[in-house]
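Residues 1 to 153 (my numbering) are what the sequence shown spells out, left to right. We treat Cβ as the ideally placed atom computed from N, Cα and C, and that holds for glycine. Notes for the one structure printed next.
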Amino acid sequence: MIPAWKVEAENLKREIDTVRKRVQALEGLVKDGEITHTMYQQMVDQYNQQLKSFQESHSALLQNLSTRLDDIEGRSESLDRFLANVKVQFRAGEIDEGTFKVASEYSTSMRTKNGREIEEIQSLLRTLSQPAAQSMAQTPIKKDAVVAQATTG
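Shown next as structure tokens:
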């Protein structure tokens, strides 16, 4: 099962990439004189609105990832306590070796799974926090620059 945060991040990236490609196509169309400046400006406004929405989604995703990271770290602490209790019960003779091994293996596999998810989230947070924020800040379309380019070119 793919975590919801991963699906959300991939969808957001795909949507942003689509708008960027459309912006490039739009800039080419106005530069080549295939659309009017009025049409260009209307579409620029539409794409800027979409980008604003994506920025809000981007911020929400960062918050969700941070919350998920805190949750996993809390679960890791709970697993440590669980394993410590199992070890105490085993040494005290309250549980047999088979039960101890099953509990230990479960705890180890969950810690490994949690560790992988933590690494994925931290990597995604680094990616989303720096390049995405910078590129999204650059993405809003500068109407005057392209229009001036189109009229002088």
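Asked, Found
"Top-ranked residue by Cα proximity to VAL23, from ARG68, SER129, ASP45", "ASP45"
"Inter-residue spacing [alpha-carbon to alpha-carbon] between LEU79 and GLU27", "54 Å"
"Local Cβ density within 10 Å of ILE2, reported as buried at 16 or more and exposed below that", "exposed"
"Nonlocal neighbours in the same chain, by C-beta distance under 7 Å from PRO110, ignoring five residues either side", "With the sequence shown as reference, residue 110 is identified as Met, and Pro is not the correct amino acid for it. If we look at MET110 and ignore the five residues flanking it on each side, its Cβ neighbours are LEU79."
"Cβ-Cβ distance between ASN114 and SER66 below 8 Å", "no"
"Contact under 8 Å by Cβ, VAL30 with TYR47", "no"
"Complete runs of the beta strand (DSSP E) confined to the segment 77 to 116 [at least 3 residues]", "none"
"GLU34 in three-state terms, based on DSSP", "coil"
"Within 8 Å, strictly: CB atoms of SER129 and LEU62", "yes"
"Other residues of its chain near SER57: CB distance less than 7 Å, five sequence neighbours each side excluded", "LEU12"
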